[in-house]
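For reference, each letter of the sequence shown is one residue, going 325 to 974 in our numbering. By construction, the Cβ of each residue, glycine as well, lies at the ideal position given by its N, Cα and C atoms. Before any comments, here is the structure.
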Amino acid sequence: MPLVVPDGTPPIDGNTAVIRQPCPEVWSNTRGGLCEALPYYRAYKGSLYSKEVCAFGFLIDKEADPRDVFSAQVIICSVGGGRELDRETGNMVRKVDAADGHAGIRALNAAKDARSLVAVIAVLDYFHITDIWKELQVQRNGNPVKVWRVRFEKAELHTSSWWAPRDAEDSNNAASSSSHISEYPSVTAFSAQSAHCIRCYQQSKVIFTIGWMCLNPNCASYFQIHSQIHGPITNAMLSSLAYTKAFLNQRDPLIGPVPLLRPLIPNLDTPGLHGTESGSRGAFVCPDCGCCSRRLFWNRLACENCSWSRPARMLPYTQADLRAEAIHLDAIATKRRLSNGVNDDVPITAHDTFAIVLNRTCIQPADTLVLGNYTAQQYLLPDAAGEVIGSFTMFVSNQNINSRQNGPDDLFRELSATDIGLKRNPAANAGTKNEGLTRHFQQNFGARYKFGVSVQSKGFDEAPTEVLRALHRLIWAGKRAVEATAVKLAGQAVGPNTPPPTSNEFNELLALGFMQKDSINYHDDGETELGPTVAALSLGSPSIMKFRPKIRKSGFGNTLPTCSSPGSKRVYKSVLEVPMKHGDMMVMHGQHIHRIYEANHAVEPFGERRFSMTSRYIDPEKMTLQADREDAAVKGAIPSHSYAFAYAGN
Numbered sequence: 325m326p327l328v329v330p331d332g333t334p335p336i337d338g339n340t341a342v343i344r345q346p347c348p349e350v351w352s353n354t355r356g357g358l359c360e361a362l363p364y365y366r367a368y369k370g371s372l373y374s375k376e377v378c379a380f381g382f383l384i385d386k387e388a389d390p391r392d393v394f395s396a397q398v399i400i401c402s403v404g405g406g407r408e409l410d411r412e413t414g415n416m417v418r419k420v421d422a423a424d425g426h427a428g429i430r431a432l433n434a435a436k437d438a439r440s441l442v443a444v445i446a447v448l449d450y451f452h453i454t455d456i457w458k459e460l461q462v463q464r465n466g467n468p469v470k471v472w473r474v475r476f477e478k479a480e481l482h483t484s485s486w487w488a489p490r491d492a493e494d495s496n497n498a499a500s501s502s503s504h505i506s507e508y509p510s511v512t513a514f515s516a517q518s519a520h521c522i523r524c525y526q527q528s529k530v531i532f533t534i535g536w537m538c539l540n541p542n543c544a545s546y547f548q549i550h551s552q553i554h555g556p557i558t559n560a561m562l563s564s565l566a567y568t569k570a571f572l573n574q575r576d577p578l579i580g581p582v583p584l585l586r587p588l589i590p591n592l593d594t595p596g597l598h599g600t601e602s603g604s605r606g607a608f609v610c611p612d613c614g615c616c617s618r619r620l621f622w623n624r625l626a627c628e629n630c631s632w633s634r635p636a637r638m639l640p641y642t643q644a645d646l647r648a649e650a651i652h653l654d655a656i657a658t659k660r661r662l663s664n665g666v667n668d669d670v671p672i673t674a675h676d677t678f679a680i681v682l683n684r685t686c687i688q689p690a691d692t693l694v695l696g697n698y699t700a701q702q703y704l705l706p707d708a709a710g711e712v713i714g715s716f717t718m719f720v721s722n723q724n725i726n727s728r729q730n731g732p733d734d735l736f737r738e739l740s741a742t743d744i745g746l747k748r749n750p751a752a753n754a755g756t757k758n759e760g761l762t763r764h765f766q767q768n769f770g771a772r773y774k775f776g777v778s779v780q781s782k783g784f785d786e787a788p789t790e791v792l793r794a795l796h797r798l799i800w801a802g803k804r805a806v807e808a809t810a811v812k813l814a815g816q817a818v819g820p821n822t823p824p825p826t827s828n829e830f831n832e833l834l835a836l837g838f839m840q841k842d843s844i845n846y847h848d849d850g851e852t853e854l855g856p857t858v859a860a861l862s863l864g865s866p867s868i869m870k871f872r873p874k875i876r877k878s879g880f881g882n883t884l885p886t887c888s889s890p891g892s893k894r895v896y897k898s899v900l901e902v903p904m905k906h907g908d909m910m911v912m913h914g915q916h917i918h919r920i921y922e923a924n925h926a927v928e929p930f931g932e933r934r935f936s937m938t939s940r941y942i943d944p945e946k947m948t949l950q951a952d953r954e955d956a957a958v959k960g961a962i963p964s965h966s967y968a969f970a971y972a973g974n
């Protein structure tokens, strides 16, 4: 999927030689690279990128039709869908007529009418649209279908086209199924004629060598040959249609400036920015090799193809910034709490002033506990039969805790300035051109945590001090939450899914870095090797944690309200939402939470920089491979020197 940046602008002169570029100056191995690096192409799926019903970018991939044209200055191809999977060949083939009201066609027509530029990807230069029409094409089954066709014309006719064949003979053979096309015709040499239909009165160009046809698909004379020589059009005639020399070689010069296709390297040193704003995290086009490279690393830009890299400076995030974000979240939480009716029609003694969403059919108000110097809110999570299958405990921090030496303030500041290896990793289609990356940045420490994303992992003996200090805070919080759960459930009937009264010490920590607008969607921590307890420390910008039961396996049926997810799938609405601010810790305890609750939890961001340090116990005995068990034993061993960082809740 190569891109090209126009070279110089020599004068238009019949005697001026065209200088070819030997290769593209901008290119990408992945669709994600294109979409993140280029402002005019953000279509992660489909070929057309449009905004406000106007086309901006168009990707030509492997699908092609017999009359497609690919030349130095003109491209003709099909758009508008209508393809279905052919189970015999595995290819996408057309079986139905393309729809007249297709959104992509409206966007292309808008670009044509406005004479706006469209970046064509595969030829990657700016083109403008000169013609859009529907024509009949014969399919494998012998049936003709109506297909939308678009003629793109290069915007800067006087610049070279690196993709054009090097000699005229090759050019004419490779450019099109028609032999009539010239690579660099004179601007005024050709002009396609037009005629009006006597039935619909619409004008159509003469585009086929066989003769003029009405190209209005709603007309009774559509695609009928108006010639004394030919009778009714047949499939054989349709298959042999060729475009006229005049139509292929007509040029409609674009008047006005044409912007460069190559965006500038983002300025990460803009005064007033912290370096983690959404505008600071974008991809870029490598100045050395032209590769569209995604932002893979937390603290630097690095080309995905060559050795070029540049530091991404992170400016300090002040306590005033964090306080302002917390105040903003409090205001939102208050409004949501009222809107969601958290405390409607319940006695004052049953009020919950912490939860933002609390569905009392499922979740009861929290018990308020004092654990160390924290005020803790503990919720019990039931299954559909009412049996408690787990607890969720929030340790609410305060200024005294945060400001202590080596406390959350210091940890946040040090993590902002230290390279701990945070990196985005493939989340879908790894290693393919459609590879999708996580939005947030990750680095695992201790035993390897195998979940949907493959994250690079280091042993605790390689972990920086900041990570080990966070680990010991989480070990303390996990123990206190498990003890509090056991006290709460003491004397109650013990079922097969009751959370255990004890838990193993954590042997893993997953560090996550979030920039502005980064979030985690609903997911679960239900891997087989995981112990019953998960704990997380939040540092920096605030967020909201959400829980909902699984729609199919939870057994709640119609007792809980549902809504549509982004994929139009019915899901339960959140039954519990709570704020999580700087210095707060949360602990989920219960092996069976992930079975009942829809992917455990999601995290909604409310700021520009946040770190989450999440610890688990990964049981080596449940690992399949002996090598994995040995690796977990070595990497998950907590260094003896780190016990100097043992935490006591102060």
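{"query": "Integer Cβ distance of R919 from Y896, believed to fall under 8 angstroms", "result": "Not confirmed; about 15 angstroms, so no contact."}
{"query": "Spatial neighbours of R748 in its chain, beta-carbon cut-off 6 angstroms, leaving aside the 5 residues before and after", "result": "L620, L761, T762, F765"}
{"query": "Where L362 falls, given that 16 or more other Cβ within 10 Å makes a residue buried", "result": "buried"}
{"query": "Expected contact under 8 angstroms - CB spacing of L771 and K959 to nearest Å", "result": "This sequence places Ala at residue 771; Leu is not what is there. With a Cβ gap of about 6 angstroms, A771 and K959 count as contacting."}
{"query": "Where F608 sits in the DSSP three-state scheme", "result": "strand"}
{"query": "Assumed close pair I744, Q767 - CB separation to whole angstroms, cut-off 8 angstroms", "result": "6 angstroms"}
{"query": "Sequence-distant residues of its chain with Cβ nearer than 8 angstroms to V469 (five each side left out)", "result": "G406, R418, K419, V420, D421, A422, L460, Q461, Q463"}
{"query": "According to DSSP, residues forming a beta bridge with E932", "result": "For E932, which the question treats as bridged, DSSP gives no partner whatsoever."}
{"query": "Where V342 falls, given that 16 or more other Cβ within 10 Å makes a residue buried", "result": "Confidence at V342 is low in this model, with a pLDDT of 43, below 50, so the placement of that residue is unreliable and no value is reported for it."}
{"query": "Chain-order list of residues whose beta-carbon lies under 7 angstroms from that of S515 (same chain, five-residue window excluded)", "result": "A570, Q574"}
{"query": "Cβ shell of L639 (< 6 angstroms), same chain only, five flanking positions each side left out", "result": "H598, G599"}
{"query": "CA-to-CA distance, G731 to G931, given in whole angstroms", "result": "20 angstroms"}
{"query": "A488 to H482 span [Cα, whole Å]", "result": "14 angstroms"}
{"query": "Exposure of V350, with buried meaning 16 or more beta-carbon neighbours within 10 Å", "result": "buried"}
{"query": "Environment of C630 [buried if 16+ CB atoms lie within 10 Å]", "result": "exposed"}
{"query": "C-beta contact flag for L539 and K458 at 8 angstroms", "result": "yes"}
{"query": "Residue(s) in a DSSP beta bridge with F769", "result": "K782, L833"}
{"query": "DSSP-derived helix/strand/coil call for L585", "result": "coil"}
{"query": "Secondary structure of V883, DSSP reduced to three states", "result": "One detail in the question is off: residue 883 reads as Thr in this sequence, not Val. Of the three classes helix, strand and coil, the one that applies to T883 here is helix, per DSSP."}
{"query": "Alpha carbon of I534 to alpha carbon of Y450, nearest angstrom", "result": "31 angstroms"}
{"query": "Integer Cβ distance of L585 from L448, believed to fall under 8 angstroms", "result": "7 angstroms"}
{"query": "C-alpha gap between V666 and L861, whole angstroms", "result": "26 angstroms"}
{"query": "C359 classed as buried or exposed, judged by whether at least 16 other C-beta atoms fall within 10 angstroms", "result": "buried"}
{"query": "Y941 classed as buried or exposed, judged by whether at least 16 other C-beta atoms fall within 10 angstroms", "result": "buried"}
{"query": "Residue closest to M416, alpha-carbon to alpha-carbon, out of S939, D955, D385, A435", "result": "D385"}
{"query": "Beta-bridge partners of R475, as assigned by DSSP", "result": "I400, D455"}
{"query": "6 angstroms Cβ shell around N664 - same chain, five flanking residues per side excluded", "result": "V681"}
{"query": "Per DSSP, the bridge partner or partners of R634", "result": "L625"}
{"query": "Outcome for T857 when other beta-carbon atoms lying within 10 angstroms are tallied against a minimum of 16", "result": "buried"}
{"query": "For W486, the residue or residues it bridges with in DSSP", "result": "Partner(s): none; W486 has no beta bridge."}
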